[in-house]
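Structure, as structure tokens:
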Amino acid sequence: MAALSLLDWALDGLLALLLLWLAWRTLSTPALFQAVVLFIGFGLVLALVWARLYALDVALAEMAIGAGVTGALLLAALVRLEPPIGRGRHPARDDEQDDNG
Amino acid sequence: MAEPPNKDGGGRRTVPDRTKTPGSVPAHRALPAAARALLALLMLGLFGGLAMAVLSLSEPAPGLAAAVAEHLAASGVDHPVTAVLLNFRGYDTLLEMVVLLLALVGVWSVGRARGCAGHAPGPLLRQLPRLLAPLMVLVAGYLLWVGAHAPGGAFQAGSLLGGVGILLCLSGQPLPRWADGPVLRLAALLGVAVFALLGVAVVLLPDGAPLAWPPALAKHLILTIELAAMLSIGVILAALFTGGRP
Chain A
605 MAALSLLDWA LDGLLALLLL WLAWRTLSTP ALFQAVVLFI GFGLVLALVW
655 ARLYALDVAL AEMAIGAGVT GALLLAALVR LEPPIGRGRH PARDDEQDDN
705 G
Chain B
121 MAEPPNKDGG GRRTVPDRTK TPGSVPAHRA LPAAARALLA LLMLGLFGGL
171 AMAVLSLSEP APGLAAAVAE HLAASGVDHP VTAVLLNFRG YDTLLEMVVL
221 LLALVGVWSV GRARGCAGHA PGPLLRQLPR LLAPLMVLVA GYLLWVGAHA
271 PGGAFQAGSL LGGVGILLCL SGQPLPRWAD GPVLRLAALL GVAVFALLGV
321 AVVLLPDGAP LAWPPALAKH LILTIELAAM LSIGVILAAL FTGGRP
């Protein structure tokens with residue numbers, strides 16, 4: 605029992621640290637494409653945290669809307685940014701960047 | 121795929137590049153050291169305050185869980201979250217749907233859609249949706265149905281449908297002609313329309329009030345609303361992704 609609760613604590617602590625680290629990386633990374641990918645990863649870990657809190661409805665919504673659709677919307681917005689900001693390495697812009705990079 | 125090896129492929133290789141790219145944010149040079157220290161101090165204070173607030177919360181947390189459990193039988197569903205979202209707090213959910221619709225109107229008023237893919241989709245992206253889309257639609261229907269007695273519901277199911285739309289759009293599948301004009305607008309409107317119409321219609325019942333579902337009909341009303349809401353949410357999210365009027 606004690607070992608089980610220790611495992612729970614370790615898991616929760618790991619998730620919390622991972623969440624904070626992902627949040628920090630998302631905000632501090634200069635490349636917007638990486639930031640969006642990190643944001644999606646952040647959303648997925650956050651969904652796991654909600655699941656650990658037994659808030660399965662919120663976990664599902666976070667996974668589908670927070671990570672999935674918002675991530676897709678951010679990527680779509682990134683494609684539309686002119687000129688490409690922050691070395692966005694999405695395939696649509698690769699040929700342009702190859703010229704000057 | 122065909123990237124030169126020295127492009128910023130790894131996580132940290134981007135840093136030397138940022139002087140070259142005009143728009144990139146020089147994350148670590150924006151503020152002088154003193155201002156950053158002050159900011160860190162402020163953030164630390166904020167964190168401490170929040171931590172104290174969280175630690176001083178009463179245990180068990182006060183809430184309406186007991187009241188919800190007490191009236192769950194009259195809500196028409198067995199899952200408390202769905203009961204709150206679609207019955208006890210139907211107003212909030214209705215207005216959330218309106219917010220989504222307004223967001224779509226806002227995006228549509230900015231310009232026309234430019235299509236999803238900036239380049240031709242590869243063979244994987246062309247074929248994958250044929251396998252995934254039917255499965256995702258099935259899972260969306262399951263999530264909607266299971267929402268009556270377990271975690272799930274219209275928003276989760278709708279965002280899965282939106283994912284199907286995004287996937288099809290990315291893989292270059294054109295919208296069928298019949299679905300392009302009024303049908304698309306009608307589908308986006310359906311959730312708010314059905315919710316609002318039913319919410320007003322129950323006033324006509326004996327001792328009815330707006331959005332107060334009679335217990336005998338509640339299950340069917342909620343399922344109808346959720347079905348319409350799921351379709352609308354899916355259509356709206358996919359349409360938001362295309363980024364403009366069709």
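Listed in order, the protein sequences are those of chains A and B. At position 1 of the first sequence the residue is numbered 605 (our numbering), and the sequence of numbers has no breaks. At position 136 of the second sequence the residue is numbered 256 (our numbering), and the sequence of numbers has no breaks. The C-beta atom is built at its ideal place from N, Cα and C for all residues, glycine as well. Model, not experiment: these values are computed from the prediction.
Can you name the residues that DSSP bridges to R365(B)? Counting from one through the second sequence, the residue named residue 365(B) turns up at place 245. The partner list for R365(B) (beta bridge, DSSP) reads R232(B).
Which whole-angstrom value is the C-beta distance of L664(A) and P271(B), which I expect to be below 8 Å?
In the first sequence, the residue the question calls residue 664(A) occupies position 60. In the second sequence, the residue the question calls residue 271(B) occupies position 151. That pair is a contact at about 6 Å.
Anyone know if the C-beta pair for L351(B) and L304(B) falls short of 8 Å?
-> In the second sequence, counting from the first residue as 1, residue 351(B) sits at position 231. In the second sequence, counting from the first residue as 1, residue 304(B) sits at position 184. Their beta carbons are not under 8 Å apart, which means L351(B) does not touch L304(B) by this criterion.
**Message:** Between S279(B) and chain A, is any beta-carbon pair separated by less than 8 Å?
**Reply:** Residue mapping note: residue 279(B) aligns to position 159 of the second sequence, counting from 1. Cβ-Cβ to chain A under 8 Å: yes for S279(B).
The alpha helix (DSSP H) enclosing H191(B), as first and last residue numbers:
Residue mapping note: residue 191(B) aligns to position 71 of the second sequence, counting from 1. First-last of the alpha helix (DSSP H) with H191(B): 185-191.
Express the C-alpha separation of G647(A) and A349(B) in angstroms, rounding to a whole number.
Start at 1 with the first residue of the second sequence, and residue 349(B) comes out as number 229. Start at 1 with the first residue of the first sequence, and residue 647(A) comes out as number 43. Cα to Cα, the separation comes out at about 24 Å.
- Item | Given V219(B) as reference, the closest of V174(B), G169(B), L357(B) once Cα atoms are compared | As a first step, residue 219(B) is located in the second sequence; it is residue number 99 there, counting from the start. Comparing Cα positions, the closest option is L357(B).
_Within the continuous alpha helix (DSSP H) that includes P296(B), where are the two ends?_
As a working mapping, residue 296(B) is identified with position 176 in the second sequence. That residue, P296(B), is in no alpha helix (DSSP H); it is neither H nor E in DSSP.
| Exposed or buried, what is M172(B) when buried is set at 16 or more other beta-carbons lying within 10 Å of its beta-carbon? | Against the second sequence, residue 172(B) aligns to sequence position 52. M172(B) should be labelled exposed.
- Look at E346(B) and L162(B) and say whether their C-beta atoms are less than 8 Å apart. One-based indexing of the second sequence puts residue 346(B) at position 226. One-based indexing of the second sequence puts residue 162(B) at position 42. It is not a contact, given that the beta carbons lie outside the stated cut-off.
message: For V284(B) and A307(B), which I take to be in contact (beta-carbon distance under 8 Å), what is that distance rounded to the nearest angstrom?
response: Numbered from 1 along the second sequence, position 164 holds the residue referred to as residue 284(B). Numbered from 1 along the second sequence, position 187 holds the residue referred to as residue 307(B). So it is not a contact: roughly 13 Å between Cβ atoms.
| said: At the level of alpha carbons, what is the spacing between L660(A) and L618(A)? | reply: Translated into the one-based positions of the first sequence, residue 660(A) becomes position 56. Translated into the one-based positions of the first sequence, residue 618(A) becomes position 14. Distance between the alpha carbons of L660(A) and L618(A) is about 20 Å.
Notebook entry, point to check: Shorter than 8 Å from the beta carbon of L660(A) to some beta carbon of chain B?
Noted result: For the purposes of this step, residue 660(A) is identified with residue 56 of the first sequence, where counting begins at 1. Yes, contact with chain B.
Run the CB neighbour count on T141(B), radius 10 Å, all protein chains shown included, and call it buried at 16 or more, exposed below.
Position 21 of the second sequence, counted from the first residue, corresponds to residue 141(B). Confidence at T141(B) is low in this model, with a pLDDT of 48, below 50, so the placement of that residue should be treated as unreliable; the coordinate-derived value is given next. It counts as buried.
Exercise. Taking all protein chains shown into account, decide if P634(A) is buried (16 or more other Cβ within 10 angstroms of its Cβ) or exposed.
Key: Position 30 of the first sequence, counting from 1, holds the residue named residue 634(A). By the 10 Å Cβ count, P634(A) comes out buried.
| Closer than 8 Å to chain A by CB, P271(B) | Sequence index remark: in the second sequence, residue 271(B) carries index 151 (1-based). For P271(B), the answer is yes, since a Cβ of chain A falls inside 8 Å of its Cβ.
- Query: With a cut-off of 8 Å, do at least 3 Cβ pairs link the stretch 250-268 of chain B to the stretch 327-336 of chain B?
  - Reply: no
Check: How many Å lie between R365(B) and V312(B) at the Cα?
Finding: Numbered from its first residue, the second sequence carries residue 365(B) at position 245. Numbered from its first residue, the second sequence carries residue 312(B) at position 192. If you take the alpha carbons of R365(B) and V312(B), they lie about 20 Å apart.
Who are the near neighbours of L624(A) in its chain, counting only those whose CB is closer than 8 Å to its CB and skipping five residues on each side? Start at 1 with the first residue of the first sequence, and residue 624(A) comes out as number 20. Result list for L624(A): empty, nothing under 8 Å.
Mind listing the chain A neighbours of G363(B)? Cutoff is C-beta to C-beta under 7 Å, in chain order. Along the second sequence, read from residue 1 onward, the residue named residue 363(B) stands at position 243. Residues of chain A passing the Cβ test: A680, R684.
Next item on the list: Assuming I342(B) contacts V197(B) (C-beta within less than 8 Å), just tell me the rounded distance between them.
Entry: On the second sequence, position 222 is the one that residue 342(B) refers to. On the second sequence, position 77 is the one that residue 197(B) refers to. Yes, I342(B) and V197(B) are in contact; Cβ-Cβ is about 6 Å, under 8 Å.
Secondary structure of G645(A), DSSP reduced to three states = Mapped onto the first sequence, residue 645(A) falls at position 41. Three-state result, G645(A): helix.
Can you tell me which of L287(B), T213(B), G319(B) puts its alpha carbon nearest to the alpha carbon of L248(B)?
One-based indexing of the second sequence puts residue 248(B) at position 128. Here the closest residue by C-alpha is L287(B).
- Message: Using a 10 Å radius around the Cβ and a threshold of 16 neighbouring Cβ atoms, would you call E190(B) buried or exposed?
- Response: Numbered from its first residue, the second sequence carries residue 190(B) at position 70. The residue in question, E190(B), is exposed, as its Cβ has fewer than 16 Cβ neighbours within 10 Å.
Cβ-based neighbour list, L679(A), same chain, cut-off 6 Å, excluding 5 preceding and 5 following: Here the question's residue 679(A) lines up with position 75 in the first sequence. These residues qualify, in order along the chain: V640.
Open item on the list: So, at 6 Å on beta carbons, what are the nonlocal neighbours of G143(B) in its own chain, with the 5 sequence-adjacent residues on each side left out?
Closed with: What you label residue 143(B) is simply residue 23 of the second sequence in a count that begins at 1. Confidence is the limiting factor: at G143(B) the pLDDT is only 49, short of 50, which leaves the residue's position unreliable, though a coordinate-based value still follows. None.
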